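Shown next, in structure tokens, is the structure this report addresses.
Number of protein chains: 2
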Amino acid sequence: MREARSKTKPVLATVAALAGVSAPTVSKVINGRDDVAESTRARVQAALAELGYESPMQRRARSTGPAMVDLVIDGSATQYSMEILTGILDYAATEDVDVVVGSVTPAKLHRANHEEWAQRMVESGRKGLILVTSEMTTQQLDSFANRNIPVVVIDPLNPPRHGYTSVGATNWAGGKAATEHLISLGHQRIAFLGGPRAAECSVARLHGYLAGLMGHGISSRPEYVLVGEFSKAFGLAGARELLDLAEPPTAIFAGCDATALGVLEEVRHRGLRVPDDLSLVGFDGTPLTEQTLPRLTSVAQPLQEMGRAALRAVLRLAQGEMLDSSHMELATELVIRDSTAPPRTNHVPAGSDL
Amino acid sequence: MREARSKTKPVLATVAALAGVSAPTVSKVINGRDDVAESTRARVQAALAELGYESPMQRRARSTGPAMVDLVIDGSATQYSMEILTGILDYAATEDVDVVVGSVTPAKLHRANHEEWAQRMVESGRKGLILVTSEMTTQQLDSFANRNIPVVVIDPLNPPRHGYTSVGATNWAGGKAATEHLISLGHQRIAFLGGPRAAECSVARLHGYLAGLMGHGISSRPEYVLVGEFSKAFGLAGARELLDLAEPPTAIFAGCDATALGVLEEVRHRGLRVPDDLSLVGFDGTPLTEQTLPRLTSVAQPLQEMGRAALRAVLRLAQGEMLDSSHMELATELVIRDSTAPPRTNHVPAGSDL
DNA sequence: CTGAAAGCGCTTACAG
DNA sequence: CTGAAAGCGCTTACAG
Numbered sequence: 001m002r003e004a005r006s007k008t009k010p011v012l013a014t015v016a017a018l019a020g021v022s023a024p025t026v027s028k029v030i031n032g033r034d035d036v037a038e039s040t041r042a043r044v045q046a047a048l049a050e051l052g053y054e055s056p057m058q059r060r061a062r063s064t065g066p067a068m069v070d071l072v073i074d075g076s077a078t079q080y081s082m083e084i085l086t087g088i089l090d091y092a093a094t095e096d097v098d099v100v101v102g103s104v105t106p107a108k109l110h111r112a113n114h115e116e117w118a119q120r121m122v123e124s125g126r127k128g129l130i131l132v133t134s135e136m137t138t139q140q141l142d143s144f145a146n147r148n149i150p151v152v153v154i155d156p157l158n159p160p161r162h163g164y165t166s167v168g169a170t171n172w173a174g175g176k177a178a179t180e181h182l183i184s185l186g187h188q189r190i191a192f193l194g195g196p197r198a199a200e201c202s203v204a205r206l207h208g209y210l211a212g213l214m215g216h217g218i219s220s221r222p223e224y225v226l227v228g229e230f231s232k233a234f235g236l237a238g239a240r241e242l243l244d245l246a247e248p249p250t251a252i253f254a255g256c257d258a259t260a261l262g263v264l265e266e267v268r269h270r271g272l273r274v275p276d277d278l279s280l281v282g283f284d285g286t287p288l289t290e291q292t293l294p295r296l297t298s299v300a301q302p303l304q305e306m307g308r309a310a311l312r313a314v315l316r317l318a319q320g321e322m323l324d325s326s327h328m329e330l331a332t333e334l335v336i337r338d339s340t341a342p343p344r345t346n347h348v349p350a351g352s353d354l
Numbered sequence: 001m002r003e004a005r006s007k008t009k010p011v012l013a014t015v016a017a018l019a020g021v022s023a024p025t026v027s028k029v030i031n032g033r034d035d036v037a038e039s040t041r042a043r044v045q046a047a048l049a050e051l052g053y054e055s056p057m058q059r060r061a062r063s064t065g066p067a068m069v070d071l072v073i074d075g076s077a078t079q080y081s082m083e084i085l086t087g088i089l090d091y092a093a094t095e096d097v098d099v100v101v102g103s104v105t106p107a108k109l110h111r112a113n114h115e116e117w118a119q120r121m122v123e124s125g126r127k128g129l130i131l132v133t134s135e136m137t138t139q140q141l142d143s144f145a146n147r148n149i150p151v152v153v154i155d156p157l158n159p160p161r162h163g164y165t166s167v168g169a170t171n172w173a174g175g176k177a178a179t180e181h182l183i184s185l186g187h188q189r190i191a192f193l194g195g196p197r198a199a200e201c202s203v204a205r206l207h208g209y210l211a212g213l214m215g216h217g218i219s220s221r222p223e224y225v226l227v228g229e230f231s232k233a234f235g236l237a238g239a240r241e242l243l244d245l246a247e248p249p250t251a252i253f254a255g256c257d258a259t260a261l262g263v264l265e266e267v268r269h270r271g272l273r274v275p276d277d278l279s280l281v282g283f284d285g286t287p288l289t290e291q292t293l294p295r296l297t298s299v300a301q302p303l304q305e306m307g308r309a310a311l312r313a314v315l316r317l318a319q320g321e322m323l324d325s326s327h328m329e330l331a332t333e334l335v336i337r338d339s340t341a342p343p344r345t346n347h348v349p350a351g352s353d354l
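Heads up: the protein sequence lines correspond to chains A and B, in order. Read in the working numbering, the first sequence has 176 at position 176, and its numbers run on one by one without any break. Read in the working numbering, the second sequence has 5 at position 5, and its numbers run on one by one without any break.
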């Protein structure tokens, strides 16, 4: 549809001929002048699209220097985003691609005028857009789709949807592995401290956790499942709530490493010890896991790989290639460190046959 | 010197007139053709510079969309660089500036063709360049200076020099504060584990340490001063060496938090405890300091502020403003946490009157 | 609203 | 190596 009619690059005169107008009129349309009849404007715009006309500026921008890709990271600069960024930058360096990084809070992202944003990207010759843990409405995504700007989301908050490509990790499998590890150590009272209810990845981890329990005939207890946010603060608050229960859990599976850190602090604060009094598993596998005491057992996401994969996908899409799938999940891996151990035997309910 | 002669924007013909050549000749010089005599080329280049000629592309690039600034971060993505990046991105967002991030290893940076790089920056309309803990030779810096591209270095390895602006922290004062804190706790045998001998900031910290000792009449011992690199590995190795001494130190001042982390691990490995058996002070004040056990007393650098200050400086320079100073040092601050305490009394040599 | 004509700024092809 | 001449692609000023 949008293919050029002939091989020779279309110039203003070509467009004019196709639209049946003069060159000056095309020039006016391109430059947004208002002294053009609506019907003429429409005809010219159709011709511009059909021929795939690019101004000399655009052509130059496209051919000069390395390709540029935009990257938007959720405002909070965590070790998680740093790992992803590292992966993207590494791959960008080998491909000679420039990465334009913006730090945008979710609120700001939502307020942004996506039409203008996409238009500016086209004008600056940007090849595509990578979003880290952000979301856009379908309409917003359309602003980019209409201009043929590929959008790839890493760890999307929304479930996969048409119009963009996403890269994630096997969150469900990771949640299940974490839970089964705890069960295999003898735990029965296992709690889950998840991220935002709206975050697809957190929901998947929760369901992995539930599947792990169910697969071993352990029924889930509502009071053992708290969802809130991916933060240390939530770990502190969540641990407080869980440990105050009449029958507190003997193990906690935290939805991310930062949350686990909060749990660790609250446990320590109470004079309890990990893993003696409580086993703890995190999620993400950030460098943090090696820095805590005890070192944190965690489900590692291949964050750098995910960054690389996202950039690779954007560059392919920008070249008009088709991707095998619009959503890819890289494998998580449970890394057992020092924060998990069998529960104290006196905590095992009488009658348990584990 | 480099101001335009007249107010009207210089076009190719203006340059030709000033250089005493024809327009086609100027065109050739601009486009890097080689069929131009060296002397002619030089004359044209002088005229281009004198008039501040910009091609239509450049002019457009300058007026379209947000300003772009290049950022090069030493390959290793540490919490240190993440903090600086956050500061830069925050400020960039408020100023509507795009930051083009590259991750370049020092070796790669050294090999790069700076002339080409600078030329490409001009052509892409980049406003300036921020380097994080990197260095360039004077000649390399000239490639940018000649094209009026401001370069600002954060925490430069080289001492301040002409041709670029640098942003650092009060390393000497920080080193002195750390040392005096340990002395005030009663320590006399204080060791220093510094960064690369070539790194200006590390040298300043070392001299702050020496000044702290000297000011309190404590003579420095060569075996207590080890310099190597800013890494955890060096902390491990350095601690091993120091603790194996016949008379080991009672306190270690580590040149950065990562090194302190290594020390902590080695101390723990030997079954010793911080701060009971050994006091430990880090440098940088990264989030790491809150994540260790015990939490790490550290000299905090205002890393985010440094990032902001660097971007502010680049943008000002790009607008032709003069800076008050080509080197600015932001204040460090000793943050006392849990890794420092008075030395065990039996370690104080007999006869000490502390 | 539209477009013939003139113009702008840069580049190309080529004669010397 | 240099530049007069021709050309390119877009824009402007203005007559209708």
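Every residue gets a Cβ at the ideal spot worked out from N, C-alpha and C, and that includes glycine. Because the structure is a prediction, the values reported are computed rather than measured.
At a beta-carbon threshold of 8 Å, the residues of chain A lying near B/Leu-288 are Gln-291, ordered along the chain. When A/Glu-116, A/Ala-198, A/Trp-117 and A/Phe-253 are compared, the shortest CA-CA separation from A/His-181 is found for A/Phe-253. Here A/Thr-340 is near A/Val-281, since their CB atoms are less than 8 Å apart. Apart from the 5 residues on each side of it in sequence, A/Pro-150 sits with its Cβ closer than 6 Å to the Cβ of Gly-128, Val-314, Leu-317 and Ala-318 in its chain, given in chain order.
Counting only runs of 4 or more residues that sit fully inside the segment 91 to 117 of chain B, the alpha helix (DSSP H) segments are 106 to 111, in chain order.
For B/Gln-45 against A/Leu-288, the beta-carbon gap comes to about 53 Å, at or over 8 Å, which does not count as contact.
Considered as a whole, the segment 284 to 324 of chain B harbours 297 to 300 as its complete beta strand (DSSP E) runs of no fewer than 3 residues, in chain order.
C-alpha of A/Glu-135 to C-alpha of A/Ser-81: approximately 16 Å in a straight line.
In this structure, the straight-line span from the alpha carbon of A/Ala-13 to that of A/Arg-33 is close to 18 Å.
The three-state reading of DSSP puts B/Gly-282 in strand, counting E and B together. Short of 8 Å from the beta carbon of B/Gln-58, and not among the five residues preceding or following it, lie these beta carbons of its own chain, in chain order: Val-122, Glu-123 and Gly-125. For B/Asp-142, the uninterrupted alpha helix (DSSP H) segment begins and ends at 138 to 145. Judged by their CB atoms, B/Leu-226 and B/Glu-241 are nearer to each other than the 8 Å cut-off. DSSP places A/Gly-175 within a helical segment (H, G or I) once states are collapsed to three. Judged by DSSP in its simplified three-state form, B/Leu-18 adopts helix. According to DSSP, residue pairing for A/His-162 in a beta bridge does not occur. Closest by C-alpha distance to A/Ala-191, out of A/Val-26, A/Asn-158 and A/Leu-243, is A/Leu-243. Per DSSP, the unbroken beta strand (DSSP E) holding A/Asp-74 starts and ends at 67 to 74. Taking all protein chains in view, the Cβ of B/Pro-249 is crowded by 16 or more other Cβ atoms within 10 Å, so the residue is classified as buried.
About 24 Å separates the CB atoms of A/Arg-205 and A/Asp-277; that is not less than 8 Å, and the two are not in contact.
Separation of the CB atoms of B/Val-100 and A/Val-69 is rounded to 10 Å, and the pair is thereby denied contact status at 8 Å. When the alpha-carbon of A/Gln-140 is set against those of A/Val-36, A/Ala-118, A/Met-322 and A/Thr-259, the nearest one is in A/Ala-118. Within the same chain, and ignoring the five residues on either side of B/Ala-233 in sequence, the residues whose Cβ sits closer than 7 Å to its Cβ are Gly-262. In this structure, B/Gly-168 lies near B/Glu-329, with their beta-carbon atoms less than 8 Å apart.
By the CB criterion at 8 Å, B/Val-72 and B/Leu-131 fall inside the cutoff. Contact of A/Leu-261 with chain B is assigned, a C-beta pair being separated by under 8 Å. The beta carbons of A/Arg-337 and A/Arg-295 sit closer together than 8 Å. The bridge partners DSSP lists for A/Met-328 are A/Val-167. Not one beta carbon of chain A lies nearer than 8 Å to the beta carbon of B/Leu-334.
Partner residues in the beta bridge of A/Val-132, as assigned by DSSP, are A/Ile-73 and A/Ile-154. The three-state secondary structure of B/Ala-251, taken from DSSP, is strand.
Comparing C-alpha distances from A/Gly-174 to each of A/Asp-324, A/Asp-284 and A/Leu-48 shows the shortest one belongs to A/Asp-284. The Cβ atoms of A/Gly-194 and A/Gly-255 lie closer than 8 Å to each other. Setting aside the 5 residues that flank it on each side, A/Ala-145 is surrounded in the same chain by Gly-163, each with a C-beta closer than 6 Å to its C-beta; the list follows chain order. Cβ contact annotation for B/Pro-159 (same chain, cutoff 8 Å, sequence separation greater than five): Glu-200, in chain order. Under the DSSP assignment, B/Glu-333 falls in the beta strand (DSSP E) whose first and last residues are 333 to 335.
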